[in-house]
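So for the sequence shown, the working numbering puts the first residue at 2; every next one is plus one. Even glycine gets a Cβ: it sits at the ideal position worked out from N, Cα and C. Each remark here refers to the structure printed beneath this line.
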Amino acid sequence: NEVELEGDENEDPLLLPGLAARPRPTMPRAWSRTVAGAELNVAAALARLGWPAPAFVSALSSSRLGQDAEALLREALGITAADGIAAAEGTAEGGPPFRGLVLRRAPGKVGTVHITGSTKVYEREDSVFSRLDPGWFPEDFWRSLLVLGGVEAADELARRSLTFLHMSGVPPLVSPNAARVWATALQSARAAKEKGARVFVTLELTPRREFGGYLELWMMTVPHLASLDVLVLSLNIMSPLCTLLGDRTSPELTRLDATRPALQGLDTLVATRLPDELRSVAAVDGVLSDALKEIRRFLAASAGGSAALPALLVTAKLAEAKRRAPGEPPAQSRWSLACTGTEVISTAEYAVRHQPLAPDGGTDAWLAGVIDGLAAASAVEQPGCEEGGDGSGPFRLGVSAEAWGRALRRGDRLAAMKQDRCNLSSDLCPVSRAELEKCTAE
């Protein structure tokens, strides 16, 4: 987790004796503070949808700034004294952690990112999170956290509950110690699933240049593919991933490369920058569908045809050229796809066309909506016994094509509503379940 500071630019002229007026260096009039991070964004969106307070795991400074960050985290997750949910110290000795904040506190700095306009300056190298001790969150810690709703639960209702573990690809790029904790969490999730615990793991593979390269992150992810149920890709990684895994002469990669000049941010394509034949939702959807099947084929070949591969998910936005007014973001169409094997489920036919306040953002809210939809899926598949299993095999959530479609459309709606209400891409999703249900019913 990190504290994010946003500043409004000040372009007033600066007058110096004997010199003509010149623009004042860009400086913020005021900073606004918030907490940020992909995992937090998903957790906060689910909390707004009425989910029980999630166990948000992190390491945070014990300084005054760390205390302020904890207060912001509590606010983001809806954790108040009235809820009766206290922050828990995530220690190796403490047994099963409480719901809510699971924080290990230590002297040091809080990681920050300063944002002024389109400029971001990250300061996290010497934060408590980057220097965390992997012993703070060992396998015992994750096991106790993940099997709360698993086979060791005392009653049938608890045994039938589903535990979601969501992680992003940022922690392993922050520091070697953070990477070790990230890997331990994924290994523990796989071990819990092999014992029959109903754990569903999602990983958002959305690398940003500030944190490291695509190859480094992918090499860290490969050993944990069997732990995952969902691997979320972004448009900006699909082409490099195809290049890493497959053949540069692949026609699917050639078509995907044609979209790269139009890419803006992680998942937005600007229609006017696309070739004429790709300037529609249906055309772009066809390219993404073929690319997902190609990536899935590469993964299956490298895994020896193993069926234990995650579903590949991607969300896309096609931005139009026209604007309602100068300086305002253009209208956009949002939809998503899921590749579960040889089949690709797409919501292109139901793409949400809307006018966002901020052109970027919404990916984490989209994933929260998808997770919310998957939690409602009732079909459960447990394949035959594998190594380390208990006779029933590792837990896998069986989701029909229809259920995938409903979950993806739910995510599309939630993301669009979030973008329509938030001026900043980093704002937390404010949409309640009642508001989402009303929008979905319309």
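Identify which residue in the options has its Cα closest to the Cα of residue i.
{"i": "L78", "options": "L102, T117, S189, S62", "result": "L102"}
{"i": "R34", "options": "V114, D268, S63, V58", "result": "V114"}
{"i": "H1", "options": "E195, T203, Q188, T260", "result": "Residue 1 cannot be examined here, being either before or after the span of the chain that is shown, 2 to 443."}
{"i": "R256", "options": "Q265, T244, D361", "result": "T244"}
{"i": "V200", "options": "S228, P139, P177", "result": "S228"}
{"i": "G109", "options": "A377, A416, V129", "result": "V129"}
{"i": "L289", "options": "E278, L254, T273, Q265", "result": "L254"}
{"i": "V233", "options": "G170, G399, G342", "result": "G170"}
{"i": "P53", "options": "V371, T164, L270, W137", "result": "T164"}
{"i": "E438", "options": "L425, G412, D428, S427", "result": "G412"}
{"i": "W143", "options": "A198, D127, K121, E124", "result": "A198"}
{"i": "N237", "options": "S63, L270, P135", "result": "L270"}
{"i": "L264", "options": "D230, A317, V122", "result": "A317"}
{"i": "F138", "options": "A404, V202, F57, T273", "result": "F57"}
{"i": "A366", "options": "E76, E205, V122", "result": "E205"}
{"i": "G287", "options": "I80, D141, E350, T117", "result": "E350"}
{"i": "R132", "options": "S251, P172, E140, D277", "result": "P172"}
{"i": "G51", "options": "I80, A302, L166", "result": "I80"}
{"i": "P360", "options": "A352, L275, L425", "result": "L425"}
{"i": "D454", "options": "P276, A272, D258", "result": "No answer is possible for residue 454: it lies beyond the span of the chain, which begins at 2 and ends at 443."}
{"i": "E295", "options": "K121, P262, T250", "result": "T250"}
{"i": "S427", "options": "S63, S64, K121", "result": "K121"}
Does residue i pass the burial test, meaning 16 or more other C-beta atoms within 10 Å, or should it be called exposed?
{"i": "C423", "result": "buried"}
{"i": "S59", "result": "buried"}
{"i": "R354", "result": "exposed"}
{"i": "P24", "result": "Confidence at P24 is low in this model, with a pLDDT of 45, below 50, so its placement is unreliable and the value that follows should be read with caution. Looking at its Cβ environment, which holds fewer than 16 other Cβ atoms inside 10 Å, P24 is exposed."}
{"i": "K419", "result": "buried"}
{"i": "W32", "result": "exposed"}
{"i": "A442", "result": "exposed"}
{"i": "K196", "result": "buried"}
{"i": "V400", "result": "buried"}
{"i": "V345", "result": "buried"}
{"i": "G362", "result": "buried"}
{"i": "V285", "result": "buried"}
{"i": "S433", "result": "exposed"}
{"i": "V182", "result": "buried"}
{"i": "A83", "result": "At A83, the pLDDT of 45 sits below 50, so the modelled position is not reliable and the matter cannot be decided from this model."}
{"i": "T203", "result": "buried"}
{"i": "G342", "result": "exposed"}
{"i": "S303", "result": "exposed"}
{"i": "P252", "result": "exposed"}
{"i": "G67", "result": "buried"}
{"i": "P55", "result": "buried"}
{"i": "E278", "result": "exposed"}
{"i": "A504", "result": "As displayed, the chain neither begins before 2 nor continues past 443, which places residue 504 out of reach and without an answer."}
{"i": "S235", "result": "buried"}
{"i": "R75", "result": "buried"}
Would you give the residue range spanned by the beta strand (DSSP E) that residue i belongs to?
{"i": "I346", "result": "345-347"}
{"i": "L124", "result": "Correcting the residue type first, residue 124 is Glu in the shown sequence and not Leu. Note, E124: beta strand (DSSP E), 120-124."}
{"i": "E205", "result": "200-206"}
{"i": "A339", "result": "333-340"}
{"i": "A320", "result": "312-320"}
{"i": "V271", "result": "269-271"}
{"i": "G101", "result": "101-107"}
Between which two residues does the alpha helix (DSSP H) harbouring residue i extend?
{"i": "V175", "result": "172-175"}
{"i": "S290", "result": "282-303"}
{"i": "L368", "result": "364-376"}
{"i": "T244", "result": "236-246"}
Can you confirm whether residue i, when its beta carbon is compared against all beta carbons of chain C, has any partner nearer than 8 Å?
{"i": "F396", "result": "The structure shown has no chain C; it contains just one protein chain."}
Measuring CB to CB, does residue i end up less than 8 Å from residue j?
{"i": "G374", "j": "R407", "result": "yes"}
{"i": "L368", "j": "V36", "result": "no"}
{"i": "M168", "j": "A186", "result": "yes"}
{"i": "P330", "j": "D421", "result": "no"}
{"i": "L242", "j": "Y215", "result": "yes"}
{"i": "A180", "j": "M221", "result": "yes"}
{"i": "R49", "j": "P431", "result": "yes"}
{"i": "T467", "j": "R410", "result": "The structure shown does not extend to residue 467, since the chain is modelled only from 2 through 443, so no value can be given for it."}
{"i": "L147", "j": "A107", "result": "no"}
{"i": "V282", "j": "L319", "result": "yes"}
{"i": "E217", "j": "L174", "result": "yes"}
{"i": "V111", "j": "L73", "result": "no"}
{"i": "L310", "j": "L300", "result": "yes"}
{"i": "L104", "j": "E126", "result": "no"}
{"i": "T364", "j": "T260", "result": "no"}
{"i": "A39", "j": "L429", "result": "no"}
{"i": "D230", "j": "A312", "result": "yes"}
{"i": "V315", "j": "S334", "result": "no"}
{"i": "R297", "j": "C340", "result": "yes"}
{"i": "A404", "j": "A376", "result": "no"}
{"i": "N178", "j": "D141", "result": "no"}
Answer yes or no: the CB of residue i versus the heavy atoms of the ligand GTP, is any distance below 7 Å?
{"i": "R397", "result": "Of ligands this structure carries none, so the ligand GTP is not represented either."}
At what residue ranges does the stretch 39-88 contain a whole run of the beta strand (DSSP E), taking only runs of 3 or more? Runs of beta strand (DSSP E) with 3 or more residues, each lying fully within the stretch 39-88, are found at 56-62, listed in chain order.
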